[in-house]
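Trainee: Position one of the sequence shown corresponds to residue 97 (this note's numbering), numbered consecutively onward.
Take a look at this one; I'll ask things after.
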Amino acid sequence: MEKLTTNKSVLDWIEDKIALVKPDNIVWIDGSEAQIEALRAEGMRTGEMIKLNEELLPDCYLHRTAVNDVARVEARTFICAPTKEEAGPTNNWMDPAEAYKMLYDIARDSYKGRTMYIIPYSMGPVGSKFSKIGIELTDSIYVVLNMAIMTRTGKAVLDALGDSNDWVRGLHCKCQIDEEKRYICQFPQDNTIISVNSGYGGNVLLGKKCFALRIASYQGKQEGWQAEHMLILGLQRPDGKIRYICAAFPSACGKTNLAMLIPPEGYYKKGYRVWCVGDDISWIRKGPDGRLYAINPENGFFGVAPGTNEKSNPNALASTRQGTIFTNVAHNLDNNTVWWEGLDKNPPENAMDWTGKPWNGKTSDVKGAHPNSRFTAPAKNCPCISSEFENPDGVPISAFVFGGRRAKLAPLVYQSRDWNHGVFVGSIVASETTAAAAGAVGVVRRDPMAMLPFCGYNMGDYWQHWIDIGKTLDPEKAPKMFNVNWFRKDADGNFLWPGFGDNLRVLDWIIDRCEGTADAEETAIGFVPRKEDINLEGLEGVVSDAQLEEILSVDNALWKDEVAGIEEFYAKFDRLPPVLKAELEDLKARVAE
Ligand code: GTP
Ligand code: SPV
Ligand code: MN
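Quick look at the structure:
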C-alpha cells in the first residue's frame with residue numbers, strides 16, 4: 097500500500113517497528129469512510145465486531161474484550177522518565193533502557209500472521225494551535241475503529257504534520273492478552289508510548305489517557321500549558337450568556353453526566369441550557385486576552401454504559417444511537433440490540449452477558465454488562481454538543497471544579513479563597529475507587545485533580561506548575577476554583593443529593609460566585625453556600641431543608657482527621673511546593689479554632 101507521507105521521522109520510525117514486530121500486511125488509515133466500512137466488515141469476519149440491528153442502532157457494533165482485560169491497569173502502567181525522581185512518588189517507574197528492552201522482547205515478531213494498521217491522528221481540531229499529532233501502530237481492528245471515533249484520523253493529519261518531528265509515537269501490540277506481560281509504558285522525554293498485551297480502551301486507545309494526559313501533561317509543563325482530566329461544559333443562563341466550566345472528577349465519578357446535563361424542568365423553562373464541549377480531557381492555555389481557554393482534544397465519548405438511561409443522561413444515550421461501538425455490555429438476542437444495568441427495568445431474557453455466555457436478565461443473579469462496560473460514540477451525535485466544539489481557539493474558562501466520591505466529609509460544594517488555595521483544594525481530592533481501573537472498588541484514596549493515574553511526571557512538580565500558571569494570571573481573569581461532592585450519604589447509605597440534572601443548581605451558584613452575585617459563608621475549608629443560596633424549587637419531598645443543611649455542613653472535628661490524612665499524603669513528596677505546605681498549615685489552624 098502507498099505510504100501516506102514522505103515525513104522521514106515518521107517513515108524511519110515505522111520501518112524500525114515493522115522490523116521488530118514483523119506484520120504480514122500493512123494498512124495506512126486514510127480517514128475515508130470506505131476504509132472504515134471495509135474494516136468493520138473485516139472485524140465481523142474475524143469475530144472482533146458483532147453488527148447490531150441496523151434499523152434500531154445503525155452502524156453500531158458490539159465488542160467483547162478478554163475477561164481478564166476490562167479496565168485500566170494502574171499497577172502495570174509506568175512512567176519511564178530518566179530518573180525515578182522525575183516520575184515522582186505516585187507513579188510506577190521503570191528505567192527507559194530497561195523498559196525498551198523488556199517491551200521490545202515482548203513485541204518482537206508479535207504481528208506475525210497479523211496486519212499492522214498505521215493510524216495518524218490529531219488530538220484537537222486539525223491545525224489548531226492547541227492540537228498535537230500522534231501515530232499509533234496497532235494490530236487491532238477494534239482499536240482502529242475506536243480511534244476513528246475518538247480522534248481525527250487520516251491523511252489530513254499527516255498533511256498538517258508535514259516534515260515536522262513533533263509527533264507522539266505509539267506502538268500497541270495485542271500479543272496474547274497475557275495479563276502477566278501487560279505493560280502500559282509512557283516515555284515522556286521521547287514522546288513515546290508502548291502498550292502490550294491488552295485490548296481494553298484506556299490501555300490501548302493511545303491518544304486518550306496515554307497521550308492526551310500522561311504525555312501531554314509533561315509537554316504542558318515544558319511548554320507552559322495544561323492537560324487535565326476535565327470535562328468542559330457551557331452553562332447558558334436566561335440572559336443568553338454562556339459561561340464555561342472545566343471539572344475534574346476521578347474515573348467513573350460523573351464527568352460525562354455533568355457535561356451533558358439537562359436542567360431541571362423549572363430551570364429549563366427559564367432558559368437554562370448545558371452545552372457539552374468535552375466529557376473527559378481538557379487542554380488549557382492562556383489566550384490573547386489573558387484568560388484561560390480550553391479545548392477538548394477528543395472527537396468522541398468513551399463513556400461508562402451502566403447507569404446511563406433516558407432519565408440520568410438522555411444526551412449520552414442519544415449519542416449512542418448511531419455509529420457507536422459498545423464494549424462488554426449485554427447482547428439482547430431477540431432484537432440484536434444491547435443492554436446494561438440501569439438502562440431500563442426490562443432486562444432481556446434471551447441474551448448473552450458481557451462474556452458471551454447465555455444470560456437471562458430476569459432470572460440471573462450475575463450482571464449482564466461489566467460495571468466498566470463502555471460506549472464509544474461520535475461527539476457529533478450529542479444533541480447538546482456545543483457550537484464551540486470545533487473552535488480551534490477553545491472556550492474561555494470561568495471556573496475550575498474539582499470533586500470526588502466521598503460518602504462523608506466533603507460538602508456539596510465549596511469555593512476556594514483564591515487560586516493557590518484552589519490548587520490546594522484540587523491537590524487534596526480524595527475519592528472512592530471505581531471499576532474504571534482494575535482492583536478494589538470503594539476504597540477512599542487521594543486522587544489529586546483526578547490526575548493520580550494520569551500525571552506523566554512528578555506530582556509535586558505538577559502542583560508547582562498549577563501555582564506557576566496562577567502567577568501569570570490577573571486574579572480578575574483567573575478562573576475561580578470550587579470543589580463538589582455529589583456522593584454524600586446518610587447513615588443508611590442513601591445518597592443525600594439527587595445529583596444528575598439537579599447538579600445544575602450547584603453550577604448556578606458557582607457561576608453566581610464567579611460573577612459576584614451570590615452569597616456564601618466562610619468556613620474553615622472555604623466559602624460554602626448558606627442553605628438559602630441553593631435553590632430547591634421543584635425538589636420538594638426529595639431534599640428537605642434539613643438534608644440540604646446536612647450536606648452543606650462542615651464538621652471541623654472530621655476535618656481534623658482529614659488534615660492528618662493530608663499530612664500523611666504530602667509526606668510522600670520531596671518536591672511538595674512550599675505554597676501547598678503553607679495552605680495545609682493554614683487549614684490545620686482554621687479547623688483547630
Ligand atoms: P470516566 O469516563 O471513567 O472518566 O467517568 P466519568 O467521570 O465520565 O463518569 P460518568 O459520568 O460516566 O459516571 C459514572 C457513574 O457515576 C455512573 O454510573 C453514573 O450513573 C454515576 N453518576 C454520575 N453523576 C452522578 C450524580 O450526580 N449522582 C450520583 N449518585 N451518581 C452519579
Ligand atoms: C477513565 O478511566 O478515566 C476513562 C476510561 O475515561 S479509560 O479510557 O479507560 O481511561
Ligand atoms: Mn476519564
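In this text, a Cβ means the ideal position worked out from N, Cα and C, and glycines have one as well.
1. Kindly examine the ligand MN and report whether one of its heavy atoms sits closer than 7 Å to the Cβ of Asp-376.
2. Considering only residues of the same chain and omitting the five flanking positions on each side of Leu-257, which have a CB-CB separation below 8 Å?
3. Are Val-117 and Ser-206 touching if we call contact CB-CB under 8 Å?
4. Just tell me which of Gly-419, Ala-414, Arg-470 and Asp-430 has its CA closest to the CA of Trp-436.
5. Could you pull out every residue in the same chain whose Cβ sits closer than 8 Å to the Cβ of Ser-460, ignoring the five residues on either side in sequence?
6. Ignoring anything shorter than 4 residues, give me the alpha helix (DSSP H) runs that lie fully in the segment 556-627, in order along the chain.
7. Pick helix, strand or coil for Met-545, following the three-state DSSP scheme.
8. For Lys-228, which beta-bridge partners are listed by DSSP?
9. May I ask you to report which of helix, strand or coil DSSP gives Ala-678?
10. Is Trp-582 near the ligand GTP, in the sense that its beta carbon is under 7 Å from a heavy atom of that ligand?
11. Kindly indicate which three-state DSSP category Gly-396 falls into: helix, strand or coil?
12. Are there 16 or more other CB atoms within 10 angstroms of the CB of Val-370, so buried, or fewer, so exposed?
13. Let's test the definition: count the other Cβ atoms within 10 Å of the Cβ of Gly-394 and tell me whether it reaches 16, buried, or not, exposed.
14. At a cut of 8 Å, does the segment 498-508 reach the segment 381-397 through at least three beta carbon pairs?
15. For my contact list, Ser-291 and Cys-306 are in at a C-beta cut-off of 8 Å; report their separation, rounded to the angstrom.
16. So, is Gln-318 buried or exposed, given that buried needs 16 or more other C-beta atoms within 10 angstroms?
17. Give me the Cα-Cα distance between Asp-120 and Gly-127, rounded to the nearest whole angstrom.
18. According to DSSP, which residues form a beta bridge with Arg-470?
19. What number of angstroms, rounded off, separates the C-alpha of Thr-247 from the C-alpha of Val-222?
20. Which two residues bound the contiguous alpha helix (DSSP H) that contains His-325?
21. What three-state label does DSSP hand Ala-308 in the structure shown?
22. Using a 10 Å radius around the Cβ and a threshold of 16 neighbouring Cβ atoms, would you call Met-555 buried or exposed?
23. Please go through the same chain and pick out, in chain order, the residues whose beta-carbon is closer than 8 Å to the beta-carbon of Asp-570, but skip the five residues on each side of it.
24. Locate the beta strand (DSSP E) running through Pro-360, then write down its first and last residues.
25. Report buried or exposed for Thr-179, applying the criterion of at least 16 other Cβ atoms within 10 angstroms of its Cβ.
26. Considering only heavy atoms of the ligand GTP, does any lie closer than 7 Å to the CB of Phe-345?
27. Is it buried or exposed for Met-190, if we count other Cβ within 10 angstroms and need 16 for buried?
28. According to the Cβ coordinates, are Gly-622 and His-466 closer than 8 Å?
29. Just curious, the beta strand (DSSP E) that Leu-648 is in, first and last residue?
30. Near Trp-562, which residues of its chain fall below 6 Å by C-beta distance, leaving aside the five closest residues on each side in sequence?
31. I'd like the span of the alpha helix (DSSP H) that includes Pro-410, first residue to last.
32. Ignore the nearest five residues each way along the sequence and tell me which others in Ala-546's own chain have a CB closer than 6 Å to its CB.
33. Hey, is Thr-352 close to the ligand GTP, as in C-beta under 7 Å from one of its heavy atoms?
34. Checking 8 Å against the spacing of the C-beta atoms, do Thr-288 and Arg-265 come in under that value?
35. For Val-624, tell me which candidate among Val-602, Val-639, Leu-632 and Ile-662 has the shortest Cα-Cα distance.
36. For a quick check, are the C-beta atoms of Val-491 and Gly-330 less than 8 Å apart?
Mentor: Straight from the coordinates:
1. The ligand MN has a heavy atom closer than 7 Å to the beta-carbon of Asp-376.
2. So the list reads Thr-101, Asn-103, Val-106, Pro-216, Ile-229 and Trp-263, once near-sequence residues are dropped.
3. Closer than 8 Å, so yes.
4. Among Gly-419, Ala-414, Arg-470 and Asp-430, the Cα nearest to that of Trp-436 belongs to Arg-470.
5. Cβ within range, chain order: Asp-449.
6. Runs found: 600-611.
7. Under the three-state reduction of DSSP output, Met-545 falls in the helix class.
8. According to DSSP, which records beta bridges pairwise, Lys-228 is partnered with Met-219.
9. Helix at Ala-678.
10. Result yes, Cβ under 7 Å from the ligand GTP.
11. Strand at Gly-396.
12. Buried, since its Cβ has 16 or more Cβ neighbours within 10 Å.
13. A quick correction: the sequence has Glu, not Gly, at residue 394. Its Cβ being crowded by 16 or more others within 10 Å, Glu-394 is buried.
14. Touching, no, given that fewer than three Cβ pairs across the two stretches are closer than 8 Å.
15. About 7 Å; that satisfies the 8 Å criterion.
16. Classification for Gln-318: exposed.
17. Near 22 Å, if we compare the C-alpha coordinates of Gly-127 and Asp-120.
18. DSSP lists Val-400 and Thr-423 as partners of Arg-470.
19. Approximately 10 Å between the Cα atoms of the pair.
20. Counting along the chain, His-325 falls outside any alpha helix (DSSP H), and DSSP gives it neither H nor E.
21. DSSP places Ala-308 in helix when its eight states are reduced to three.
22. Met-555 is buried by the Cβ-count criterion.
23. Counting only Cβ-Cβ distances below 8 Å, and skipping sequence neighbours, we find Gly-386.
24. Looking at the DSSP string, Pro-360 is not in any beta strand (DSSP E), and its letter there is neither H nor E.
25. Counting other Cβ atoms within 10 Å of its Cβ, Thr-179 stays below 16 and is therefore classed as exposed.
26. Judged by the Cβ position, Phe-345 qualifies as a neighbour of the ligand GTP at the 7 Å threshold, a heavy atom of the ligand being closer than this.
27. Within 10 angstroms of the beta-carbon of Met-190 lie 16 or more other beta-carbons, which makes it buried.
28. Taking 8 Å as the Cβ cut-off, Gly-622 and His-466 do not qualify as a contacting pair.
29. Annotation for Leu-648: no beta strand (DSSP E) segment contains it, though the alpha helix (DSSP H) segment containing it runs 641-648.
30. Contacts found: Val-519.
31. Annotation for Pro-410: the continuous alpha helix (DSSP H) segment containing it runs 410-415.
32. Apart from sequence neighbours up to five positions away, the residues of its chain that approach Ala-546 with a beta-carbon distance below 6 Å are His-325, Ala-344, Phe-345 and Pro-346, ordered along the chain.
33. Indeed, a heavy atom of the ligand GTP lies less than 7 Å from the Cβ.
34. For Thr-288 and Arg-265, yes; Cβs fall inside 8 Å.
35. Nearest option by C-alpha distance: Val-602.
36. Taking 8 Å as the cut-off, the beta carbon of Val-491 is found closer than this to the beta carbon of Gly-330.
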